[in-house]
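To keep things clear, I will list the structure first and then write my remarks on it.
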Amino acid sequence: MSPDSLTPGSVRSAAQVNEEIRALWRRTGGTLSAEERAEYALLVVEWATAIRAHVVEAA
Numbered sequence: 003m004s005p006d007s008l009t010p011g012s013v014r015s016a017a018q019v020n021e022e023i024r025a026l027w028r029r030t031g032g033t034l035s036a037e038e039r040a041e042y043a044l045l046v047v048e049w050a051t052a053i054r055a056h057v058v059e060a061a
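Counting in the numbering used here, the sequence shown runs from 3 upward without gaps.
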């Protein structure tokens, strides 16, 4: 997953991204390669963005 694959304005829910993070960990058996660490980092950023979007909506 590259930063370019994230479409501005379209944010998946934190739950959706969290499930993808969990699937990544299950798929790799808990050991991430350099490429998988990069994917994980992007997912964490996306997850944080989704959390922030949810907080803003609630406010």
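Cβ coordinates follow ideal geometry from the N, Cα and C atoms, glycine included.
Checklist line | Contact set for A52: own chain, Cβ-Cβ below 7 Å, skip 5 residues either direction | finding: V13, R14, S15, A16 and V19
Checklist line | N- and C-terminal bounds of the alpha helix (DSSP H) containing T30 | finding: Its alpha helix (DSSP H) spans residues A16 to T30.
Next item on the list: Report the three-state DSSP secondary structure of V13 (helix, strand or coil).
Entry: In this structure, V13 counts as coil in the three-state DSSP scheme.
Check: How would you label E37, buried or exposed, when you count the other beta carbons within 10 angstroms and need 16 or more for buried?
Finding: exposed
Margin query: At the level of alpha carbons, what is the spacing between T30 and A55?
Written below: T30 and A55 have their C-alpha atoms some 29 Å from each other.
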